[in-house]
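Worksheet for the structure shown next.
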Amino acid sequence: MKALFEKIELDEQASLQVKHLHLPYFDSPWHYHPEFELTYILNSQGRRFVGDHVEAFEPGDLVLLGPNLPHFWRNDEEIITADDEAEAVVVQFAQSLGEAWLPQLPEAGMLRTLLVRAGHGLRFCRKTASRLHSHLLELTTLTGFDRLLALLHILKELAADPGAVMLASEGYQLKATEAETERMKRVLDYMLAHFREEIRVEDISSVAGMAPAAFCRYFRKRTRKSFIEYLNELRISYARKLLSKADVSVSQVGMECGFNNISHFHRQFKLRTGTTPLRFQSLQKGL
Numbered sequence: 009m010k011a012l013f014e015k016i017e018l019d020e021q022a023s024l025q026v027k028h029l030h031l032p033y034f035d036s037p038w039h040y041h042p043e044f045e046l047t048y049i050l051n052s053q054g055r056r057f058v059g060d061h062v063e064a065f066e067p068g069d070l071v072l073l074g075p076n077l078p079h080f081w082r083n084d085e086e087i088i089t090a091d092d093e094a095e096a097v098v099v100q101f102a103q104s105l106g107e108a109w110l111p112q113l114p115e116a117g118m119l120r121t122l123l124v125r126a127g128h129g130l131r132f133c134r135k136t137a138s139r140l141h142s143h144l145l146e147l148t149t150l151t152g153f154d155r156l157l158a159l160l161h162i163l164k165e166l167a168a169d170p171g172a173v174m175l176a177s178e179g180y181q182l183k184a185t186e187a188e189t190e191r192m193k194r195v196l197d198y199m200l201a202h203f204r205e206e207i208r209v210e211d212i213s214s215v216a217g218m219a220p221a222a223f224c225r226y227f228r229k230r231t232r233k234s235f236i237e238y239l240n241e242l243r244i245s246y247a248r249k250l251l252s253k254a255d256v257s258v259s260q261v262g263m264e265c266g267f268n269n270i271s272h273f274h275r276q277f278k279l280r281t282g283t284t285p286l287r288f289q290s291l292q293k294g295l
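Residues 9 to 295, numbered by this note's numbering, are exactly what the sequence shown covers, in order.
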């Protein structure tokens, strides 16, 4: 799967554009563009692909991407319901801002460092994202120089985030091979289609065309999680959706999500959410 080039048309009188997206689901293909991109997820969940890195996203996810870094956000199709909406604030700004203009300003050292680090993608901590929530929404209402000043303030705050995590690996080449991209896509497509069933390492490694041990190393390198951790994360994500939307018992939800052992379901759910499935369901229903 080759990353597609996206042509972004910035206004002649602007160095950035801001979109407040309201979509049934995120539908952009695997793509890249010369502009920097800051994406803040307001509503929706799924998998985020950045370079050779894949991880879950949910509301509050805040990511800065550098120029020409392949990426896309994909919703978990099995989790989408008719009344769901994917909502995000997306800011795209000119490459020249980080590579020509800011380097001339001695006071902008932190911002220059931030934008260099963004070359491999940066995910910011939830505390920072929450603090900037109103500022990111305000960007959608501002214009002209006020909008640019607001963006610089946001970038200044992001540069001071000690919890920012680099996404694509240090050795990642920006032009990833089509074969590697296609392999990871096959693996994730299979997991999304079958996570409610038993998936053995032998099954998934066969999809990747690799021996089980080699696949486990490959998967951890690209997601920073073991295959089992990632699979359980996907199942718990679906469980949260069912517990929020459907009037079903906790044991039914566990079985529907691929957990044959209800005690194991309870342990995994509390590990990833900090509460029990029953308590989570009660909170969602306002009980």
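Heads up, the beta-carbon is just placed ideally off N, CA and C, and yes, glycines get one too.
Since we're looking at a predicted model, the values are computed, not measured.
Is residue i helix, strand or coil by DSSP?
| i | result |
| --- | --- |
| glutamine 25 | strand |
| tryptophan 109 | helix |
| glutamate 72 | First, the amino acid is wrong: residue 72 is leucine here, not glutamate. Leucine 72 falls in the strand class under three-state DSSP. |
| alanine 184 | Only weak support is given to the placement of alanine 184: the predicted model assigns it a pLDDT of 48, under 50, and the question is left unresolved by the model. |
| asparagine 83 | strand |
| isoleucine 49 | strand |
| glycine 54 | strand |
| alanine 219 | coil |
| phenylalanine 44 | strand |
| leucine 166 | helix |
| leucine 279 | helix |
| phenylalanine 273 | helix |
| proline 114 | helix |
| glutamate 205 | coil |
| phenylalanine 267 | coil |
| arginine 232 | coil |
Can you find a heavy atom of the ligand SAM that lies under 8 Å from the Cβ of residue i?
| i | result |
| --- | --- |
| methionine 118 | The ligand SAM is not part of this structure, which contains no ligands at all. |
Over the uninterrupted alpha helix (DSSP H) stretch that includes residue i, give me the two end residues.
| i | result |
| --- | --- |
| histidine 141 | 141-147 |
| proline 285 | 285-292 |
| isoleucine 16 | That residue, isoleucine 16, is in no alpha helix (DSSP H); it is neither H nor E in DSSP. |
| alanine 247 | 235-253 |
| valine 258 | 258-264 |
| leucine 77 | Note, leucine 77: premise wrong, no alpha helix (DSSP H); not H, not E. |
| arginine 120 | 117-125 |
What are the partner residues of residue i, as DSSP defines its beta bridges?
| i | result |
| --- | --- |
| tyrosine 198 | In the DSSP output, where bridge partners are listed per residue, tyrosine 198 has none listed. |
| glutamate 95 | His30 and Asn51 |
| methionine 174 | Leu130 |
| phenylalanine 101 | Leu24 and Phe44 |
| leucine 12 | His39 |
Tell me which residue opens and which closes the beta strand (DSSP E) that residue i is part of.
| i | result |
| --- | --- |
| threonine 151 | Where threonine 151 is concerned, there is no enclosing beta strand (DSSP E), given that its DSSP letter is neither H nor E. |
| histidine 61 | 61-65 |
Our contact map puts residue i next to residue j with C-beta atoms below 8 Å; I'd like the distance itself, whole angstroms only.
| i | j | result |
| --- | --- | --- |
| isoleucine 207 | valine 195 | The Cβ separation is near 11 Å, so there is no contact. |
| glutamate 165 | leucine 140 | 6 Å |
| serine 257 | glutamine 292 | Actually they are not in contact, since the Cβ atoms of serine 257 and glutamine 292 sit about 14 Å apart, beyond 8 Å. |
| alanine 96 | leucine 12 | About 20 Å separates the two Cβ atoms, so there is no contact after all. |
| valine 58 | leucine 77 | 7 Å |
| leucine 31 | alanine 94 | 5 Å |
| arginine 55 | aspartate 84 | 7 Å |
| tyrosine 198 | valine 215 | 5 Å |
| alanine 167 | threonine 121 | 7 Å |
| phenylalanine 80 | histidine 41 | At roughly 12 Å, the Cβ-Cβ gap does not stay under 8 Å, so phenylalanine 80 and histidine 41 are not in contact. |
Does the structure place the segment 18-30 close enough to the segment 60-68 that three or more beta carbon pairs sit under 8 Å? The segment 60-68 makes no contact with the segment 18-30, as fewer than three CB pairs between them are under 8 Å.
Quick test of the definition: if touching needs 3 or more C-beta pairs under 8 Å, does the segment 97-104 touch the segment 42-51? Result yes; three or more Cβ-Cβ pairs closer than 8 Å.
Three or more C-beta pairs below 8 Å linking the segment 237-247 and the segment 258-274: Counting C-beta pairs closer than 8 Å gives three or more between the segment 237-247 and the segment 258-274, which meets the contact rule.
Measuring CB atoms only, is the segment 166-178 touching the segment 115-130, in the sense that at least three cross pairs come out at less than 8 Å? Touching, yes.
Below 8 Å, can you find three or more Cβ-Cβ pairs linking the segment 33-40 to the segment 218-231? Flag = no, the segment 33-40 and the segment 218-231 do not touch.
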